[in-house]
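4 protein chains.
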Amino acid sequence: MIKISILGATGYTGQELVRILRQHPEAELVGLGTQQFAGRPFSGVYPHFYGLVDMICEAVDDPRLVERADLVFLAMPHGLSAALVGDILKMGKKVIDLGADFRLSSPAVYRKWYKTEGPAPDLLKQAVYGLPEINREKIKTARVIANPGCYPTTAILGLAPLLKNKLIDTGSIVIDSKSGVSGAGRGLSVNSLFSEVDGDFKAYGLPAHRHAPEIEQELSLIAGEKITVSFTPHLLPMTRGMLSTIYVQPLTPVNLSMVQELYREFYRDEPFIRVYPQGQYPHTKWVQGTNYCDIGLNWDERTGRITVLSVIDNLVKGASGQAVQNMNIMHGLEETLGNNKIAVYP
Amino acid sequence: MIKISILGATGYTGQELVRILRQHPEAELVGLGTQQFAGRPFSGVYPHFYGLVDMICEAVDDPRLVERADLVFLAMPHGLSAALVGDILKMGKKVIDLGADFRLSSPAVYRKWYKTEGPAPDLLKQAVYGLPEINREKIKTARVIANPGCYPTTAILGLAPLLKNKLIDTGSIVIDSKSGVSGAGRGLSVNSLFSEVDGDFKAYGLPAHRHAPEIEQELSLIAGEKITVSFTPHLLPMTRGMLSTIYVQPLTPVNLSMVQELYREFYRDEPFIRVYPQGQYPHTKWVQGTNYCDIGLNWDERTGRITVLSVIDNLVKGASGQAVQNMNIMHGLEETLGNNKIAVYP
Amino acid sequence: MIKISILGATGYTGQELVRILRQHPEAELVGLGTQQFAGRPFSGVYPHFYGLVDMICEAVDDPRLVERADLVFLAMPHGLSAALVGDILKMGKKVIDLGADFRLSSPAVYRKWYKTEGPAPDLLKQAVYGLPEINREKIKTARVIANPGCYPTTAILGLAPLLKNKLIDTGSIVIDSKSGVSGAGRGLSVNSLFSEVDGDFKAYGLPAHRHAPEIEQELSLIAGEKITVSFTPHLLPMTRGMLSTIYVQPLTPVNLSMVQELYREFYRDEPFIRVYPQGQYPHTKWVQGTNYCDIGLNWDERTGRITVLSVIDNLVKGASGQAVQNMNIMHGLEETLGNNKIAVYP
Amino acid sequence: MIKISILGATGYTGQELVRILRQHPEAELVGLGTQQFAGRPFSGVYPHFYGLVDMICEAVDDPRLVERADLVFLAMPHGLSAALVGDILKMGKKVIDLGADFRLSSPAVYRKWYKTEGPAPDLLKQAVYGLPEINREKIKTARVIANPGCYPTTAILGLAPLLKNKLIDTGSIVIDSKSGVSGAGRGLSVNSLFSEVDGDFKAYGLPAHRHAPEIEQELSLIAGEKITVSFTPHLLPMTRGMLSTIYVQPLTPVNLSMVQELYREFYRDEPFIRVYPQGQYPHTKWVQGTNYCDIGLNWDERTGRITVLSVIDNLVKGASGQAVQNMNIMHGLEETLGNNKIAVYP
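Residue numbers (our numbering), protein chains in the order written: chain L, 11 to 356; chain G, 11 to 356; chain H, 11 to 356; chain Z, 11 to 356.
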């Protein structure tokens with residue numbers, strides 16, 4: 011059994027980790043660290059765990075949380091991970107960081123977008139970007155995982171087959187993304203109130219969202235050239251789920267069968283990617299509570315553009331489920347362990 | 011492995027059975043019968059099962075569905091089960107009926123509320139009302155289970171401790187129930203359209219709903235006297251979840267601690283009942299996707315009335331999860347097998 | 011033109027007042043006072059008013075807001091109105107208070123439920139409980155209106171015809187109420203977050219809610235005897251709308267036609283009450299954005315109980331629309347002026 | 011008073027016409043034609059009109075509906091308007107068609123996308139595309155109005171300033187649109203059920219939606235050259251509201267201030283267009299129930315692309331409100347008459 015502590019266990023991604031790990035056959039929760047609720051039973055903060063996870067929350071900075079664990083998950087606001095990760099590594103433990111601090115490999119880019127200093131360069135260098143479908147081999151031996159953002163997960167998985175094969179005009183990429191509200195976390199904000207969100211739809215994060223440089227960094231690595239994208243996030247009046255609609259111009263004429271075949275082949279052995287048959291397009295609800303990224307493809311003969319539709323549950327494949335997938339890879343376990351296979355529907 | 015066919019697999023309770031049984035370690039799905047979709051892969055009707063349950067649906071009246079199975083689940087509109095159950099029993103197979111046809115032990119009462127003839131009396135007599143917390147012993151040896159309705163499940167579990175102990179004025183019972191829309195099934199009706207339900211709340215089924223006689227029959231059995239209740243169902247603008255608010259007048263003065271203790275004791279060994287601590291009241295979302303019935307208790311010193319708040323997921327403990335719980339009991343398996351333990355939240 | 015200032019204009023009831031009064035042919039907004047947004051244009055706080063109400067918000071305690079006005083609406087948190095009302099009256103202006111401070115005629119009861127001192131007795135005595143269907147004559151000459159709470163509005167209007175005619179056992183009243191989330195206001199609370207409320211239903215305010223004494227006070231006045239009720243509020247996963255399901259036991263046998271006739275007669279000349287025909291029951295969405303209270307009636311021959319279903323928009327007839335109705339009465343205007351007649355549906 | 015009949019009064023756009031026209035000071039409803047509900051009071055089909063519009067529905071093909079009227083609104087499924095419009099014109103009455111039959115000026119294009127024969131060419135020629143901001147002069151004297159589709163309304167109003175001024179690469183247009191469910195009407199379909207739509211988001215209408223040729227026809231007219239666009243519609247889990255996110259590449263370098271100024275100037279005198287200040291982006295809920303089209307602008311210095319965010323209520327500016335705006339123009343009335351100015355919020 012892998013002994014696990016979660017720092018930041020009472021945010022939405024934290025409690026989602028608890029859900030998945032509590033049902034994981036090879037994991038044991040040994041510590042739940044929080045900033046607000048130390049001393050209270052976890053099921054007092056999230057009563058759906060009543061009778062299931064009644065262990066007492068501890069102060070997030072209590073070193074015993076790390077001592078007890080083999081692996082630490084960080085689900086903290088950005089800016090707090092750098093110091094924590096350093097300490098955890100010194101104590102000889104591995105860490106999966108669900109925050110943003112280790113995702114950007116350039117300290118300058120991090121500073122520009124997050125308005126704060128990021129991790130020290132030597133620490134940063136140890137981090138592996140934890141997108142298994144792209145970086146599986148590196149993840150196996152990593153000590154620090156930078157777990158990808160939710161938007162980047164849809165964008166990268168949606169574009170990788172095309173970019174890897176150099177099939178598209180890299181200047182033509184438009185990523186129009188829509189997310190459920192849980193992505194904003196449990197923090198208090200007028201923008202997250204039910205009465206404001208219910209029955210409403212809007213773009214946000216304009217002129218440019220922090221996930222844009224993360225998307226561009228990883229797409230550039232895949233393509234082998236510098237890529238800039240148009241990216242607009244929107245907020246859906248629903249709790250979970252994310253869909254990115256991605257528009258690209260191919261460099262040479264294609265047709266839909268070719269594109270379908272390319273994606274099928276690229277993701278053939280991936281347990282968490284489902285490429286839909288021609289003419290079928292993914293719904294966010296079909297992956298709810300699961301670690302799938304579902305992909306549908308379209309090609310418009312009139313404009314020549316390819317449209318990729320890429321869908322995840324933002325709290326699972328976009329956060330905690332992917333983190334557990336990374337944990338499984340790091341520990342040589344079957345990659346799908348712990349994650350639900352079937353969405354609760356409708 | 012128990013071989014299972016589901017007749018009526020493509021309604022909401024049918025597909026929920028598929029979800030639970032597909033993940034059940036001792037069950038194997040051998041047939042999915044439908045009225046509308048024979049010849050299509052199940053994942054074509056419900057694409058969230060894509061890659062998980064791609065087996066082909068068959069015509070619901072194909073006898074091979076029964077032949078192949080050890081146990082048959084019926085998830086059919088009322089009025090269709092009577093003939094099917096007779097045939098299934100003749101073929102030596104057991105059956106769990108999620109419909110209403112075998113729930114009312116009086117053919118006259120059935121006729122009055124359902125406007126059609128019910129099962130033949132000798133067939134009806136074999137049916138056991140499948141509420142494990144009340145009828146577990148009978149379920150163990152039953153060949154036909156009448157799986158309870160969703161409203162009755164909340165009402166009976168909410169009132170059993172008080173009635174069993176003869177603590178309340180049986181003429182004082184008011185049951186005010188609220189249900190998510192999935193309880194109405196996948197059939198087409200203006201009343202189930204998103205634009206009609208979204209942002210709306212209403213009572214329905216007035217002057218009296220078909221679940222009233224089922225509630226009264228079972229409460230009367232528990233109390234040992236004829237009970238009549240006021241029961242008003244309402245429709246919530248949400249998909250899953252049911253809450254019943256139950257008001258009763260005690261026969262003698264009580265206080266909240268006494269009532270709490272009574273419920274705790276009554277349900278002490280029940281794996282799917284959670285009696286909440288004093289001052290905590292259940293939310294429907296805390297049991298979503300699970301087989302729990304969560305109960306909160308209140309007592310108003312000014313009126314003397316007890317209020318019981320009883321919560322389930324209408325498609326799980328109110329239908330398919332309870333059906334699988336019954337299956338486990340009938341087959342001597344651990345009662346919780348197959349059902350999720352933790353709600354996907356938020 | 012009546013010159014109007016609103017103190018507390020940027021809460022939900024405040025901005026609802028702005029909406030109604032901006033379209034009122036005899037009203038002119040001369041001041042918008044807020045605690046948080048002084049100096050900002052109102053349409054900066056609520057951009058749906060962009061180009062329509064761009065006037066600058068002022069500090070809520072600026073006396074010029076009152077000086078400029080003929081009538082002041084208070085939409086403030088409880089505990090703040092007492093001092094304000096005294097000052098406004100001294101300046102010779104009338105006031106309609108949408109908060110709770112002047113609703114309870116007993117200072118002791120106020121203290122018990124609100125844990126703070128209420129208005130001075132001589133001030134309190136001047137307040138008229140502003141439910142036009144019950145107190146129209148007194149409202150005409152009032153200088154201070156205590157605008158009713160939303161729950162009490164549904165309860166009192168639902169029960170008045172029965173109580174006035176002494177038809178029911180006053181000890182038998184059960185009021186099961188359900189409200190949209192906007193009733194909780196725009197304040198920040200985990201309980202009001204979209205991700206918590208969406209798809210969820212729960213009771214709250216137990217063991218007893220502050221609206222209970224207000225309901226009981228007014229029902230007692232109507233009945234001419236002391237009345238105690240069972241009252242349970244619930245939170246609906248929707249923004250606007252409130253439905254109360256009220257159960258009562260008649261003193262003598264009745265039938266539905268008698269009850270229907272009683273209500274039709276009682277509310278015959280009321281412009282904002284619609285008693286539905288037999289067999290039809292109100293939906294919250296049918297009154298959305300309007301000042302109607304819609305009422306449906308049921309009688310269960312098996313238990314003898316009458317069920318009253320009473321529906322309003324909590325922000326209109328439950329708050330701001332009723333306040334404007336009161337304003338119209340106080341100023342001798344047509345009572346319906348300013349309020350929308352037709353819900354925007356679906 | 012303009013005498014008005016509505017053919018197809020009981021669909022969502024039909025009942026929205028009833029709402030607006032019932033409150034219009036210069037309009038009188040003289041006939042409500044329906045395919046399903048002839049003989050029933052309108053308020054029996056839509057009870058929110060109870061006491062407000064109780065007139066009896068008539069058969070949609072009863073010629074007396076037209077005889078009585080000065081102006082006929084058609085809110086019928088496509089394919090049915092052609093014959094009706096011919097008859098109405100012969101009877102000397104004007105007509106506003108909210109359906110698709112008269113929107114496409116090429117019979118061949120109509121046939122290709124609607125798989126049926128459209129109106130006769132001489133009839134078709136008389137129709138004016140009823141987008142007031144573009145075609146106001148022609149609308150004044152029109153006898154047949156083809157009321158625009160909802161998606162085209164957002165796309166054309168969002169792009170007209172740029173195209174009219176030849177500022178963009180016309181091959182670069184990507185229109186990513188999201189609509190509330192009411193756009194699908196009140197017809198019965200599994201895809202419109204609450205349980206399917208709630209908490210879900212998806213693209214639909216792929217590979218290409220019928221509104222694409224309508225968008226392209228009108229954009230081409232404005233630009234003076236043939237335009238082809240990428241257009242993907244999506245379905246939002248909400249009832250009303252539509253947002254289009256439009257991406258274009260300018261032909262020469264621009265900046266945001268220039269673009270802002272261009273839109274401000276272009277729409278300066280338009281009563282129903284609100285161009286938002288720099289840095290503010292529209293929400294669908296801010297225009298709910300109103301006839302506004304709200305526009306927000308963004309420019310990404312990294313890609314050089316302009317992003318236009320264009321928002322309407324699909325049933326108002328996207329259908330019935332725009333139809334009444336056209337009526338006002340045709341009859342020399344003030345253009346804003348009848349339409350609500352302020353959204354009911356939240």
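C-beta atoms are modelled at their ideal positions from N, C-alpha and C, and glycine is treated no differently. Predicted model, so just to flag it, every value in this text is computed and none were measured.
Within the segment 261-305 of chain H, the complete beta strand (DSSP E) segments at least 3 residues long are 283-285, listed from N- to C-terminus.
Shown here, A152 of chain L sits in coil according to DSSP, grouped into three states, outside any helix or strand. Distances from the CA of T346 of chain G to each of G:L62, G:F282, G:H88 were compared; the closest alpha carbon is that of G:F282. At least one beta carbon of chain Z lies nearer than 8 Å to the beta carbon of S205 of chain L.
For R196 of chain L, the neighbours in chain H by C-beta distance under 9 Å run, in chain order, V200, L203, S205, E206. Cβ-Cβ separation between L114 of chain L and Q227 of chain L: approximately 6 Å, consistent with a contact (criterion under 8 Å). Only exposed fits T262 of chain L, as fewer than 16 other CB atoms lie within 10 angstroms of its CB. Under the DSSP assignment, S205 of chain G falls outside any beta strand (DSSP E), being part of the alpha helix (DSSP H) whose first and last residues are 204-207. Below the 8 Å Cβ cutoff, chain G contributes P356 as neighbours of S192 of chain L, in chain order.
Among the residues of the segment 61-75 of chain G, those with a Cβ less than 7 Å away from any Cβ of chain L are G61, L62, in the order of the chain. Under the three-pair Cβ rule at 8 Å, the segment 147-157 of chain L does not count as touching the segment 265-273 of chain L. In the structure shown, the three-state DSSP call for G328 of chain L is helix. When DSSP assignments are scanned along the segment 145-195 of chain G, the uninterrupted stretches of beta strand (DSSP E) that are 3 or more residues long and fall wholly within it turn out to be 154-156, 184-189. Distance from the CA atom of D107 of chain L to the CA atom of E26 of chain L, rounded to whole angstroms, is 14 Å.
Here I66 of chain G is exposed: its Cβ has fewer than 16 other Cβ atoms, across all protein chains shown, within 10 Å. Listed as beta-bridge partners of W123 of chain L by DSSP are no residues whatsoever. Minimum Cα-Cα distance from K103 of chain G among the listed residues G:N145, G:A118, G:M86, G:S15 corresponds to G:S15. Neighbours of G209 of chain Z in chain G, taken as residues at a C-beta separation under 8 Å, are given in chain order as T249.
One Cα belongs to F83 of chain L, the other to L246 of chain Z, and the distance between them is close to 34 Å. The beta carbon of I149 of chain G sits closer than 7 Å to those of V138, G140, P142, I155, N336, I339, M340, all from its chain and outside the five residues before and after it, given in chain order.
Under the Cβ distance rule, L216 of chain Z counts among the residues neighbouring chain L, one pair being separated by less than 8 Å. Collapsing the DSSP output to three states places M252 of chain L in a strand.
Out of H:A329, H:L169, H:S202, the CA that lies nearest to the CA of S254 of chain H is found in H:L169. Across the set G:A79, G:Y22, G:A222, the C-alpha of G:Y22 shows the shortest separation from the C-alpha of R196 of chain G. Inclusion of S202 of chain H and F204 of chain L in the CB contact set at 8 Å is warranted, their separation being smaller than that value.
With fewer than three CB-CB distances shorter than 8 Å, the segment 123-135 of chain H does not count as touching the segment 58-76 of chain H. Within the segment 209-245 of chain G, the complete beta strand (DSSP E) segments at least 3 residues long are 240-245, listed from N- to C-terminus.
According to the DSSP assignment, E38 of chain L belongs to the beta strand (DSSP E) that extends over 37-44. Among the residues of the segment 113-143 of chain Z, none has a Cβ less than 9 Å away from any Cβ of chain H. Listed along chain Z are A213, each with a C-beta nearer than 7 Å to that of L319 of chain L. Rounded to the nearest angstrom, the gap between the Cα atoms of L167 of chain H and L167 of chain G is 34 Å. Here the alpha carbons of L319 of chain H and Y355 of chain Z stand approximately 25 Å from one another. For T317 of chain L, the uninterrupted beta strand (DSSP E) segment begins and ends at 316-322.
Its chain contains L17, G18, G43, T44, Q45 as the residues whose beta carbon lies nearer than 7 Å to that of V70 of chain G, once the 5 sequence neighbours on both sides are disregarded; these appear in chain order.
Legend: CB atoms of the segment 94-106 of chain H lying less than 7 Å from CB atoms of chain G are not found in any residue. For Y139 of chain Z, the uninterrupted beta strand (DSSP E) segment begins and ends at 137-139.
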